[in-house]
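Take the working numbering: the last position of the sequence shown gets the number 212, and nothing is skipped along the way. Cβ atoms here follow ideal geometry from the backbone N, Cα and C, with glycine treated the same way.
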Amino acid sequence: MQISDFGLAKLMPEGQDTCVTARVLGTFGYFDPEYTLTGKLTLQSDVYAFGVVLLELLTGRRALDLDQGSNDQNLVLQVRHLLNDKKKLRKVIDPEMRRGSYTIESIVMLANLASRCVRIDSSQRPSMAECVKELQLIYHMNSKGLGMTMHAFRMI
């Protein structure tokens with residue numbers, strides 16, 4: 057099974073890691089840019105969608121917010137260029153996250169992971185296994201954790 061954008065599931069033969077579809081399916085805001093160009097779903101399409109979810113967690117905003125101005129509707133386009141700049145990152149982080157038990161270092165690491173997940177070129181994105189390892193590292197580096205248990209990481 058291939059899950060892309062967390063809103064689209066397609067049964068695939070074992071060992072196959074791409075899928076071509078003629079219809080655009082799924083939830084806007086989570087689409088892998090390569091999928092919109094080629095119609096191909098890959099494992100890296102999942103990574104892109106996961107990166108969008110991480111951005112939603114970091115910012116407290118939806119992936120696509122039609123209530124925002126036309127330049128600010130797409131979360132990835134709005135924040136991608138800010139994620140690797142610590143000063144600019146503070147401006148887009150959800151205030152609840154800053155008030156919580158999260159260290160700025162763990163927030164920066166999570167933003168860096170999200171930034172790599174939503175890269176336009178899918179070959180430059182981490183694998184999901186790399187994402188899990190990095191989330192585990194972030195969890196351990198944050199003295200109070202990210203509000204998740206290690207059991208939750210094992211479920212991924």
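Would you call the segment 101 to 117 in contact with the segment 144 to 159, where contact means no fewer than 3 C-beta pairs closer than 8 Å?
Yes, the segment 101 to 117 is in contact with the segment 144 to 159.
Three-state secondary structure (DSSP) of T98:
Strand at T98.
Quick one: give me the first and last residue of the alpha helix (DSSP H) that E161 is part of.
I160 to C173
Whose C-beta lies closer than 6 Å to the C-beta of C187 among residues of the same chain, with five residues either side of it excluded?
none
Could you give the C-beta distance for G85 and N130, rounded to a whole number, given that I count them as a contact under 8 Å?
7 Å
Please identify the residue among V174, T159 and Q180 whose C-alpha is closest to the C-alpha of M197.
T159
Does L120 come out as helix, strand or coil in the three-state DSSP assignment?
strand
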